[in-house]
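Have a look at the structure below before the remarks.
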Amino acid sequence: MKRIIKLCAVIIILLIILSAFLIGLIIKYGYGVSQQGNIYVVKNTEYTGLSEQERFITDFDFLYNELKENYVLFDYKEQVLGLDLEKEYQSYRKKIEMVNDERKFYALCSEFVRLFDDDHMDFACYSRETRQKIRSVINSDYTVLFDYRVIEGKPIIISAHRDFDAPGWEIISINDIPFREIEAVMKKTLHKQRIKGGEILQYFSLYKETIPEKLEILLKNRNNEEKYIEIDFSRRYEPLLERGTPDINFGHYQNDQLPQARTIDEKIGYILIPSFSPPPRVMRETFKKIVEDFENIGIKGLIIDIRYNGGGNESFRDILGYLTSEEIVICNFRYKKTERFQDIFYLRHLYESLRFKTSRKAEKGYTDWWAWTIKPADNQFLTTIPVVLLANDYTFSSADSFVGACLEYDLAHVLANSVRLSGGGLPVRVFLPSRNYYVSYGVWEGWSSDLSHLIEGRKLEPDIRVEQTLEDYFQGIDTYLKTALDYLDKIILETEGI
287 MKRIIKLCAV IIILLIILSA FLIGLIIKYG YGVSQQGNIY VVKNTEYTGL SEQERFITDF
347 DFLYNELKEN YVLFDYKEQV LGLDLEKEYQ SYRKKIEMVN DERKFYALCS EFVRLFDDDH
407 MDFACYSRET RQKIRSVINS DYTVLFDYRV IEGKPIIISA HRDFDAPGWE IISINDIPFR
467 EIEAVMKKTL HKQRIKGGEI LQYFSLYKET IPEKLEILLK NRNNEEKYIE IDFSRRYEPL
527 LERGTPDINF GHYQNDQLPQ ARTIDEKIGY ILIPSFSPPP RVMRETFKKI VEDFENIGIK
587 GLIIDIRYNG GGNESFRDIL GYLTSEEIVI CNFRYKKTER FQDIFYLRHL YESLRFKTSR
647 KAEKGYTDWW AWTIKPADNQ FLTTIPVVLL ANDYTFSSAD SFVGACLEYD LAHVLANSVR
707 LSGGGLPVRV FLPSRNYYVS YGVWEGWSSD LSHLIEGRKL EPDIRVEQTL EDYFQGIDTY
767 LKTALDYLDK IILETEGI
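In my numbering, the protein residues as written are 287 to 784.
Take a look at the structure:
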């Protein structure tokens with residue numbers, strides 16, 4: 287009997303070890319937890335022998351049905367945006383039936399996807415040959431030649447090729463078409479993160495029958511003087527960009543750039559977090575070192591800058607832990623058990639159950655609910671000093687979750703021009719039947735900490751609303767940073783009783 291008991295104990299221990307090993311593999315390589323491969327291929331959807339027009343119709347029908355059946359916020363978007371998506375589908379399908387080239391097809395599909403007003407969604411070209419047909423000469427060699435931001439309602443060039451001598455000039459028109467007209471059209475077509483720069487030139491490849499050989503861009507400076515700059519598509523430009531105001535944060539980051547820190551006037555710490563995409567372990571180690579250094583210096587206040595941070599992974603939760611002295615719930619989330627979710631994320635339910643507490647049992651067609659919990663960091667130094675968080679309308683995904691948590695729990699004083707939360711994350715990428723295009727959409731559904739409402743598209747009021755001003759821009763002053771420093775100086779003086 288004792289032998290049997292010992293044998294059972296050994297078997298149980300081995301099973302526990304094996305389970306731990308398998309769970310480790312799942313977490314490390316993402317099997318059934320994250321999307322494997324670059325883009326998902328739906329079985330039995332590749333069609334051959336179709337005419338070009340039949341291919342366009344087949345792709346568009348697949349696009350609509352893929353979103354209808356698998357996009358987690360499909361019904362919600364239809365309701366809150368007042369859309370009749372079946373009607374929109376039929377309307378766009380009639381236009382697709384008249385399409386005779388890739389450019390028009392891409393433009394129409396992009397417009398259709400943008401109807402959902404979800405920046406986690408995108409329609410993109412995969413085939414290199416198709417991309418060349420769509421963009422023609424207007425490729426990245428030319429779209430990088432200038433970048434602009436809207437400042438006080440004016441599209442101001444903030445960086446450009448040195449030959450143009452254009453930073454600080456307002457864009458009036460391109461080839462006699464008012465720039466605002468071009469921008470309005472492209473906002474209905476391009477993903478928001480891509481529209482702030484020279485990608486807007488795609489207007490001429492998507493909406494003009496004949497792509498021009500040159501672009502004449504009319505500019506005006508603050509003295510109302512005008513000049514033209516020319517982009518010649520037969521010319522090769524050297525990558526010589528000039529930034530007019532290097533001391534203002536306009537989001538010129540490198541991919542997966544780690545947090546950077548410095549001190550201002552010896553008493554204020556400044557941390558720039560360009561992205562939450564680097565590996566969580568690396569982010570944790572980097573931020574831990576920054577906080578320790580600031581504690582040793584003895585800073586009196588801190589500015590965290592996540593403007594233009596497009597999100598990434600859950601590393602933001604580790605950083606939030608430095609701003610709270612108690613455990614908090616910032617969000618509840620779940621997944622809709624669609625065919626695509628179960629194809630790709632067949633172990634996601636187990637994965638989330640191992641990581642988070644179940645906050646509510648599953649409802650029909652969905653997984654359980656889980657609570658996104660933030661636990662206090664061991665080092666509590668940042669909870670003892672005033673913290674300001676800088677954000678803007680390009681702060682997105684996990685980065686806007688960071689902002690939302692700071693506002694809900696008063697973890698930092700938020701300075702922003704606007705705050706809009708996203709609640710449809712963990713995007714998957716799925717091929718259309720032609721394999722020339724793919725669509726990405728979210729399968730993760732986020733709700734408020736009290737489970738009262740979906741957070742997607744919810745607008746919040748920052749503690750201080752701030753915009754970059756033209757006056758500051760021309761002096762090379764970052765209005766956000768200046769406002770934050772003024773606020774911290776005031777708080778520090780009050781704290782010290784001066």
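Every residue, glycine too, gets a C-beta built ideally from N, C-alpha and C. For clarity, every value in this text was computed on a predicted model and none was experimentally measured.
- Residue range 634-641 is occupied by the alpha helix (DSSP H) that includes His635.
- The DSSP assignment places complete beta strand (DSSP E) segments of no fewer than 3 residues inside the region 557-604 at 587-591, in order along the chain.
- Residue environment: Pro672 is assigned as buried (16 or more neighbouring CB atoms within 10 Å of its CB, all protein chains considered).
- By the CB criterion at 8 Å, Arg626 and Glu731 fall outside the cutoff.
- Take the alpha-carbon of Val385 and the one of Phe562: they are about 40 Å apart.
- The Cβ atoms of Pro662 and Glu612 lie closer than 8 Å to each other.
- When DSSP states are grouped into helix, strand and coil, Thr334 belongs to the coil group.
- In this structure Ser704 is not in contact with Ile616, their Cβ atoms being roughly 20 Å apart against a cut-off of 8 Å.
- Of the other Cβ atoms in all chains shown, 16 or more fall within 10 Å of the Cβ of Gln754; this residue is therefore buried.
- Taking the Cβ atoms as the reference, Ala691 lies roughly 6 Å from Leu606, within the contact range of under 8 Å.
- Taking C-beta separations shorter than 6 Å and ignoring five residues to either side along the sequence, the partners of Tyr357 in its chain run Tyr727, following chain order.
- Under the three-state reduction of DSSP, Ser738 is assigned to coil, being neither helix nor strand.
- By the Cβ neighbour-count rule, Ala470 is exposed, with fewer than 16 other Cβ atoms within 10 Å of its own.
- Here the alpha carbon of Asp404 sits roughly 8 Å from the alpha carbon of Ser708.
- Of the residues assessed, Gly368 falls on the exposed side of the cut-off, its CB having fewer than 16 other CB atoms within 10 angstroms.
- Pairing Val328 with Leu633 gives a Cβ-Cβ distance that is not under 8 Å.
- With the rule of 3 Cβ pairs closer than 8 Å, the region 651-661 counts as touching the region 594-608.
- Tyr680 and Gly783 have their C-alpha atoms some 38 Å from each other.
- Counting the other Cβ atoms within 10 Å of the Cβ of Val399 gives 16 or more, which makes it buried.
- A Cβ-Cβ distance of about 11 Å is found for the pair Val674 and Ala702, leaving them out of contact under the 8 Å criterion.
- Residue pairing of His699 in beta bridges, as defined by DSSP: Val674.
- Using a Cβ distance threshold of 8 Å, Phe688 and Ile592 count as a contacting pair.
- Between the region 547-563 and the region 629-649, the count of C-beta pairs closer than 8 Å stays below three; the two stretches do not touch.
- If you draw a straight line from the Cα of Tyr375 to the Cα of Tyr350, it is about 7 Å long.
- Selection Tyr724, Ile550, Gly762 evaluated against Leu774 yields Ile550 as nearest (Cα-Cα).
- Here DSSP, grouped into helix, strand and coil, assigns Tyr326 to strand.
- Taking C-beta separations shorter than 7 Å and ignoring five residues to either side along the sequence, the partners of Pro719 in its chain run Thr331, Glu332, Tyr333, Thr344, Asp345, Phe348, following chain order.
- Within the same chain, Cβ atoms closer than 7 Å to the Cβ of Leu504 are found at Ile458, Ser459, Glu512, Tyr514, the five residues on either side in sequence being excluded.
- When Cβ pairs closer than 8 Å are counted between the two stretches, the region 756-766 is seen not to touch the region 413-429, the count staying below three.
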